[in-house]
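*Asks:* Counting the sequence shown from 1 gives a position; my numbering is that position plus 528. Note that CB positions come from ideal geometry on N, CA and C, so glycine has one too. I have a structure I would like to understand better, so I am pasting it below and will then ask my questions one at a time.
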Amino acid sequence: MCLLGKSGIGKTWAARAALGPRHVELTADILRSRQDTNEFLEKIKGSDIPILLDEYETLSDLVGLRDLTEVPTNGQFIVTSQVLPKFDFEIEVREFPVKTFEQIKTLCPDATDENIRISKGDLRWVFRSLE
Numbered sequence: 529m530c531l532l533g534k535s536g537i538g539k540t541w542a543a544r545a546a547l548g549p550r551h552v553e554l555t556a557d558i559l560r561s562r563q564d565t566n567e568f569l570e571k572i573k574g575s576d577i578p579i580l581l582d583e584y585e586t587l588s589d590l591v592g593l594r595d596l597t598e599v600p601t602n603g604q605f606i607v608t609s610q611v612l613p614k615f616d617f618e619i620e621v622r623e624f625p626v627k628t629f630e631q632i633k634t635l636c637p638d639a640t641d642e643n644i645r646i647s648k649g650d651l652r653w654v655f656r657s658l659e
């Protein structure tokens, strides 16, 4: 599944929460190398290990991503992205909603109303404004 939406709205947080603490992240460090990617894919093939591929748009030009020709696990596979991902297999895409003013105020009660409005739904920006 792909969680699609703008930066800072909670896609990664939601994906990590859904996958739980035992998930593995498919990172740029792995995808930079074909050999590392293939070793990773071989290790998890046939397993139920949940996999997160975070920020697809920053990884899409890495060589290892071309070797991802099928869903890499029998467990959950979640991709977060600001752009529609391109894979050799079908992946369900869900638009991740931007939180409303009220939802952000509930999550971040110390944030000023002005900062919530300025953020345009960017939770990361709101939390940083409190630092």
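Pull up the distance between the alpha-carbon of GLN563 and that of ASP638, whole angstroms please.
*Replies:* The residue labelled residue 563 in the question sits at position 35 within the sequence shown. The residue labelled residue 638 in the question sits at position 110 within the sequence shown. Looking at the two C-alpha atoms, the distance is approximately 47 Å.
*Asks:* Between LYS627 and GLY603, which are expected to be in contact by the criterion C-beta below 8 Å, what is the C-beta distance as a whole number of angstroms?
*Replies:* Against the sequence shown, residue 627 aligns to sequence position 99. Against the sequence shown, residue 603 aligns to sequence position 75. That belief does not hold up - the Cβ atoms of LYS627 and GLY603 are roughly 28 Å apart, past 8 Å.
*Asks:* Our contact map puts ASP589 next to THR540 with C-beta atoms below 8 Å; I'd like the distance itself, whole angstroms only.
*Replies:* Mapped onto the sequence shown, residue 589 falls at position 61. Mapped onto the sequence shown, residue 540 falls at position 12. Their Cβ separation, rounded to whole angstroms, is 20 Å, which puts ASP589 and THR540 out of contact at 8 Å.
*Asks:* Which residues share a DSSP beta bridge with CYS636?
*Replies:* Translated into positions along the sequence shown, residue 636 becomes position 108. In DSSP, CYS636 forms no bridge with anything.
*Asks:* Pick helix, strand or coil for VAL607, following the three-state DSSP scheme.
*Replies:* On the sequence shown, residue 607 is found 79 positions in, with the first residue counted as 1. In this structure, VAL607 counts as strand in the three-state DSSP scheme.
*Asks:* Would you mind stating whether LEU580 and ALA546 have Cβ atoms separated by less than 7 Å?
*Replies:* Sequence index remark: in the sequence shown, residue 580 carries index 52 (1-based). Sequence index remark: in the sequence shown, residue 546 carries index 18 (1-based). Cβ distance not < 7 Å, so LEU580 and ALA546 don't count as in contact.
*Asks:* Starting from VAL654, follow the alpha helix (DSSP H) in both directions and report where the run begins and ends.
*Replies:* As a working mapping, residue 654 is identified with position 126 in the sequence shown. Run containing VAL654: 651-657, per the alpha helix (DSSP H) assignment.
*Asks:* Starting from ILE579, follow its DSSP beta bridges and name the residues at the other end.
*Replies:* Here residue 579 corresponds to residue number 51 of the sequence shown, with the count starting at 1. In the DSSP output, where bridge partners are listed per residue, ILE579 has VAL552 and PHE605.
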